[in-house]
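Before any comments, here is the structure.
There are 2 protein chains.
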Amino acid sequence: MTSTAVTDGSTSALSLVVQKFGGTSVADPDRIRAVADHVARTRRDGHDVVVVVSAMGKTTDELIRLAQDVCPEPGGREMDMLLTAGERISMALLCMAIETEGVPAASFTGSQAGIVTDTVHGKARILEVRGDRLREAIANGQVAVVAGFQGVSTERDVTTLGRGGSDTTAVALAAVLKAEVCEIYTDVAGVYTADPRVVPNARRLPAVSFEEMQEMAATGGRVLALRSVEFARNHGVVLHVRSSFTWEQGTWVNEEGPMEQAIISGVTHDTSEAKITVTHVPDQPGIAARLFGALADDEVNVDMIVQNTSTGGTTDISFTVPRADLAAAMRVSEALGPEIGAESVTHDAEIGRVSIVGAGMKTNPGVAARMFRVLSTEGVNIEMISTSSIRISCVVRARDVERAVKALHAEFELDKPLA
Amino acid sequence: MTSTAVTDGSTSALSLVVQKFGGTSVADPDRIRAVADHVARTRRDGHDVVVVVSAMGKTTDELIRLAQDVCPEPGGREMDMLLTAGERISMALLCMAIETEGVPAASFTGSQAGIVTDTVHGKARILEVRGDRLREAIANGQVAVVAGFQGVSTERDVTTLGRGGSDTTAVALAAVLKAEVCEIYTDVAGVYTADPRVVPNARRLPAVSFEEMQEMAATGGRVLALRSVEFARNHGVVLHVRSSFTWEQGTWVNEEGPMEQAIISGVTHDTSEAKITVTHVPDQPGIAARLFGALADDEVNVDMIVQNTSTGGTTDISFTVPRADLAAAMRVSEALGPEIGAESVTHDAEIGRVSIVGAGMKTNPGVAARMFRVLSTEGVNIEMISTSSIRISCVVRARDVERAVKALHAEFELDKPLA
């Protein structure tokens, strides 16, 4: 297992560490100096270091506001050009602060770092990471500071990688440069058994498996974006999620997960979605394909899909979409309704989803029944259910979400460390 | 003469116009929209347009402050990386605003525009302008919006061009793309016979020659940086300095200058310099060369140099330097003083320079005498004098500068238009 405390100086010299710092970690000059101090310490401990940095604090939001002020629907190419100014500022400042610590450093844009993407502005996918200039910088004894979230397209235009993009940059660089670990520094101290704002006695997990982390990220865990976890898993990049405020050991994410597996690792929730129900459609082949094909054509991100068993030759199809996509999803569904013989199309934005995630579920039957019983005891009505081999999700009323999370956290004794 | 009103639609279609907008012209979203409206109008009038833009308002100052907050002496490479974020923001926003007007536009960094410089960070010199992507954009019917002030070095690092750099970018692009005119939009309506803040009845000049503009820029005229005027002259780029607030006709700068030549075109002044005097140095060959060689080695910008006629085998040498360079200049001069046999090295920061500039001087003898008489009548003592064929400069007490400018403006009747 590679998950030793690499930045505490306990491993062999000259291993490469990728350290990614999010916006809150570099929100102001004080924070930038604190991060520079940590990077310099890691370097002096004998590690090569590649740093990936996001834009400072609320910079990206401010730039988006400016854009909306001059243009109702800014084009993707210019929006990407605009937003990439954010990391340019933070990475140059961080470099200066690292050099002030007496450690040589050089900053690189996504383009200079050789992060080549496709041409889909705003959510480009990485096609290739060249990294030659980073290797040169490392060979010269420099800390390479790379702008997160950005790349250059095959058409030589500046692109951004979309939500969680800086994590993806860090993981991609860690994979290509064969880093020992990719440390994701953030404003929380790791991955918790539930959102500590909802469950004050939630416990930090010392380790989770890639599989569990994927399910958590997909169901409302806000610490890592799903895409970067998938990328890390596919390329075998060990992640260490930890705090840039306390610098303590956080949560390791790797293939194995924790040494001792609890039944449930965590409870997640998400109140950012809405539900659409298409009622009484004929129970015939091809109906669902037409509906979800049309939604995909309109770039609506459909999440959960539940179809009831047919009664009297018709069935109801319910699905959830991000609330931002609700209007588009309704437009598509209502337009298609008559064609596919639906009786009605209804929507409901007052829903929430509560999920329990844990690899231990595979070997412990009865977990689902225990979840449903707890919700029933709490008087929480279940509107939709979907499961994977290590996750069970229930759609409930939005107002019931916090109560459900607390009850499930207590039921599975997640506040207690494993013996 | 090419100085027809190209953006009023009066010339042939498809001529190329370069339009440069300074920081105050794009200081906020309202200003950006106003500029976009003007660019779109120029395009619809049948011109191809390349826009060069500076950072918004005080952005550059704010970025410098942030840098100083994390690093006492930021390195040039990172400083350039930081500062170039400013134009990135303004150019992306301007592009969006132009597209909102229904005119296709695309932004280009200095690197994307093919502006290749040497490796001197902070004041790089342009070595080559490739411009292929701009030509492509123009051929596609797009307005090309280019980040001013920046380029990419032969080492593939981001560079900035130093003071007045956006003007230089605009002139260089106008030269390479063979633009009909390079319009420099600013917050004043053109080149004036004197600074209107000092002389309220100063008059806007309809045209000045390159030669006059160079002398004005070198002696305190703040509208254009000297370097960009030199560049324009060397490459025959016609300039039109005008207001982005009123959009009225401004001042044309070209080879010919005005049709009717007055004796004097303008009075300039500069209170940003200090004077150093090295006294009683032996009047021998090589003394001045050693002194100014040493200053040049320390990168001190020496401006005026005056050496008196030798009396008794020794002479005094006086010279002016930007006040920011005074400490360095004194250090060099005092260190060298004993070696070159100087009696003393003194300095004076309370000086100012008043200059009169005009091509008409060449054919009108007695202009200098008239200038000295006016200053004498005003009780202004002249401390140093230097001249060129079309300029006379006098160093006076800083407190006398405004009085001198007003008196000279009146003496040469610069408030009265030519008959």
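Going line by line, the protein sequences match chains A and E.
According to our numbering, the first sequence is numbered sequentially starting from 547.
According to our numbering, the second sequence is numbered sequentially starting from 547.
Every residue, glycine too, gets a C-beta built ideally from N, C-alpha and C.
Does DSSP classify M547(A) as helix, strand or coil?
As a first step, residue 547(A) is located in the first sequence; it is residue number 1 there, counting from the start. Below a pLDDT of 50, predicted positions are generally treated as unreliable, and M547(A), at 36, falls in that range; the measurement from the model is reported next regardless. It is coil, neither helix nor strand.
In its own chain, which residues sit with a C-beta less than 6 Å from the C-beta of V941(A), not counting the 5 before and 5 after it?
Walking along the first sequence from the start, residue 941(A) turns up at place 395. Correct list, in chain order: I897, R899, E929 and M930.
Using a Cβ cut-off of 8 Å, pull out every chain E residue sitting near L609(A), in sequence order please.
For the purposes of this step, residue 609(A) is taken as the residue at position 63 of the first sequence. Those are I635, listed as they occur along chain E.
Counting only Cβ pairs nearer than 7 Å, list the residues of chain E close to E624(A).
Along the first sequence, read from residue 1 onward, the residue named residue 624(A) stands at position 78. Neighbours of E624(A) on chain E, chain order: A638, C641, M642 and S653.
Quick check on N800(E): does DSSP put it in helix, strand or coil?
Working through the second sequence from its first residue, we reach residue 800(E) at position 254. If DSSP states are grouped into helix, strand and coil, N800(E) belongs with the strands.
Are there three or more Cβ pairs, one per stretch, closer than 8 Å when the stretch 599-619 of chain A is compared with the stretch 570-586 of chain A?
yes
Compare the C-beta of I684(E) with all C-beta atoms of chain A and state if any pair is closer than 8 Å.
Against the second sequence, residue 684(E) aligns to sequence position 138. No - not a single Cβ of chain A is within 8 Å of the one on I684(E).
Just to confirm my understanding: we take E758(E), look at its own chain, exclude 5 residues before and 5 after, and list those with CB closer than 7 Å. What are they?
Within the second sequence, residue 758(E) is the residue found at index 212, counting from 1. Within the same chain, E758(E) has close Cβ partners G803, S811, V903, G904, A905 and I936.
If we cut at 8 Å on Cβ distances, does G694(E) have a partner in chain A?
By one-based count along the second sequence, residue 694(E) stands at place 148. Chain A contact via Cβ: absent.
For F567(E), the three-state DSSP class (helix, strand or coil)
Translated into positions along the second sequence, residue 567(E) becomes position 21. F567(E) falls in the strand class under three-state DSSP.
Taking the alpha-carbon of Q565(E) as reference, which of E608(E), R943(E), F958(E) and V717(E) has the nearest alpha-carbon?
Translated into positions along the second sequence, residue 565(E) becomes position 19. It is V717(E).
Cβ of E645(E) less than 8 Å from any chain A Cβ?
The residue you call residue 645(E) lines up with position 99 of the second sequence. By this cut-off, E645(E) is an interface position.
Between V563(A), T817(A) and T588(A), which has its C-alpha nearest R869(A)'s C-alpha?
Translated into positions along the first sequence, residue 869(A) becomes position 323. Of V563(A), T817(A) and T588(A), the residue nearest in Cα terms is T817(A).
What does V689(A) touch in chain E if you count any residue whose Cβ is under 7 Å from its own?
Translated into the one-based positions of the first sequence, residue 689(A) becomes position 143. Those within 7 Å of V689(A) in chain E number zero; the least Cβ separation is about 12 Å.
For G966(E), which residues of its own chain have a beta-carbon under 8 Å away from its beta-carbon, when the five flanking residues on both sides are left out?
Nothing about residue 966(E) can be read from this structure; chain E reaches only from 547 to 965.
For I851(E), which residues from the same chain have a beta carbon less than 6 Å from its beta carbon, with the 5 sequence-adjacent residues on both sides left out?
As a working note, residue 851(E) is residue 305 in the second sequence. Around I851(E): F865.
For M547(A) and P620(E), I'd like the C-alpha separation in whole angstroms.
Locating residue 547(A) in the first sequence gives position 1, where the first residue counts as 1. Locating residue 620(E) in the second sequence gives position 74, where the first residue counts as 1. Low per-residue confidence applies at M547(A): pLDDT is 36, beneath 50, and the placement is therefore not dependable enough to give any value.
Determine which residues share a DSSP beta bridge with A740(A) and list them.
If you number the first sequence from 1, residue 740(A) lands on position 194. Answer is none; A740(A) lacks a bridge partner.
Between A881(E), T715(E), I833(E) and E845(E), which lies nearest to G859(E) when the distance is taken from Cα to Cα?
Taking the second sequence and counting its residues from 1, the one referred to as residue 859(E) is at position 313. Ranking A881(E), T715(E), I833(E) and E845(E) by Cα distance to G859(E) puts I833(E) first.
Expressed to the nearest angstrom, what Euclidean distance is found between the alpha-carbon atoms of N854(E) and G883(E)?
Along the second sequence, read from residue 1 onward, the residue named residue 854(E) stands at position 308. Along the second sequence, read from residue 1 onward, the residue named residue 883(E) stands at position 337. Those two C-alpha atoms are separated by around 17 Å.
Outcome for W798(A) when other beta-carbon atoms lying within 10 angstroms are tallied against a minimum of 16:
As a working mapping, residue 798(A) is identified with position 252 in the first sequence. Label assigned to W798(A): buried.
Just grab the DSSP bridge partners of F654(E) for me.
Against the second sequence, residue 654(E) aligns to sequence position 108. Looking at the DSSP assignment, F654(E) forms a beta bridge with V692(E).
First and last residue of the uninterrupted beta strand (DSSP E) at A820(E):
For the purposes of this step, residue 820(E) is taken as residue 274 along the second sequence, with counting starting at 1. Residues E819 to P828.
Any C-beta of chain A sitting closer than 8 Å to the C-beta of A586(E)?
Taking the first residue of the second sequence as position 1, residue 586(E) is located at position 40. No, A586(E) does not count as interfacial toward chain A.
Does the separation of the CB atoms of A652(E) and A690(E) fall below 8 Å?
Within the second sequence, the letter at position 106 stands for residue 652(E). Within the second sequence, the letter at position 144 stands for residue 690(E). In this structure, A690(E) lies closer than 8 Å to A652(E) by Cβ.
Please report the straight-line C-alpha distance between G711(E) and R702(E), rounded to a whole angstrom.
The residue you call residue 711(E) lines up with position 165 of the second sequence. The residue you call residue 702(E) lines up with position 156 of the second sequence. For G711(E) and R702(E), the distance between alpha carbons rounds to 19 Å.
Does P618(E) get closer than 8 Å to chain C when you measure Cβ to Cβ?
Absent from the structure is chain C; the protein chains it does hold are A and E.
Looking only at C-alpha atoms, which of D894(A), S636(A), H781(A) and V585(A) sits nearest to V649(A)?
For the purposes of this step, residue 649(A) is taken as the residue at position 103 of the first sequence. Ranking D894(A), S636(A), H781(A) and V585(A) by Cα distance to V649(A) puts V585(A) first.
Residues of the stretch 695-707 of chain A with Cβ closer than 9 Å to any Cβ of chain E, in chain order
R702, D703 and V704
Could you have a look at A870(E) and say whether DSSP puts it in helix, strand or coil?
Residue numbering aside, residue 870(E) sits at position 324 when the second sequence is read from its first letter. Here A870(E) sits in helix by DSSP.
Determine the DSSP secondary structure at Q614(A), reduced to helix, strand or coil.
Mapped onto the first sequence, residue 614(A) falls at position 68. Looking at Q614(A) - three-state DSSP - the assignment turns out to be helix.
By the 10 Å Cβ neighbour count, where 16 or more other Cβ atoms means buried, how is D554(A) classified, buried or exposed?
The sequence position of residue 554(A) within the first sequence is 8, counting from 1. In this prediction, D554(A) has a pLDDT of 43, which is less than 50 and means its spatial position is unreliable; what the coordinates show is noted afterwards. Flag for D554(A) reads exposed.
Which chain A residues are close to D615(E), counting only those with a beta carbon under 7 Å from its beta carbon?
In the second sequence, the residue the question calls residue 615(E) occupies position 69. Neighbours of D615(E) on chain A, chain order: P575.
Any C-beta of chain A sitting closer than 8 Å to the C-beta of G711(E)?
Residue 711(E) sits at position 165 when you count from the first residue of the second sequence. By this cut-off, G711(E) is not an interface position.
Considering only the beta carbon of each residue, do A631(A) and I610(E) sit closer than 8 Å?
For the purposes of this step, residue 631(A) is taken as residue 85 along the first sequence, with counting starting at 1. For the purposes of this step, residue 610(E) is taken as residue 64 along the second sequence, with counting starting at 1. No, the Cβ-Cβ distance between A631(A) and I610(E) is not below 8 Å.
At least one CB of chain E closer than 8 Å to the CB of A842(A): is that the case?
For the purposes of this step, residue 842(A) is taken as the residue at position 296 of the first sequence. By this cut-off, A842(A) is not an interface position.
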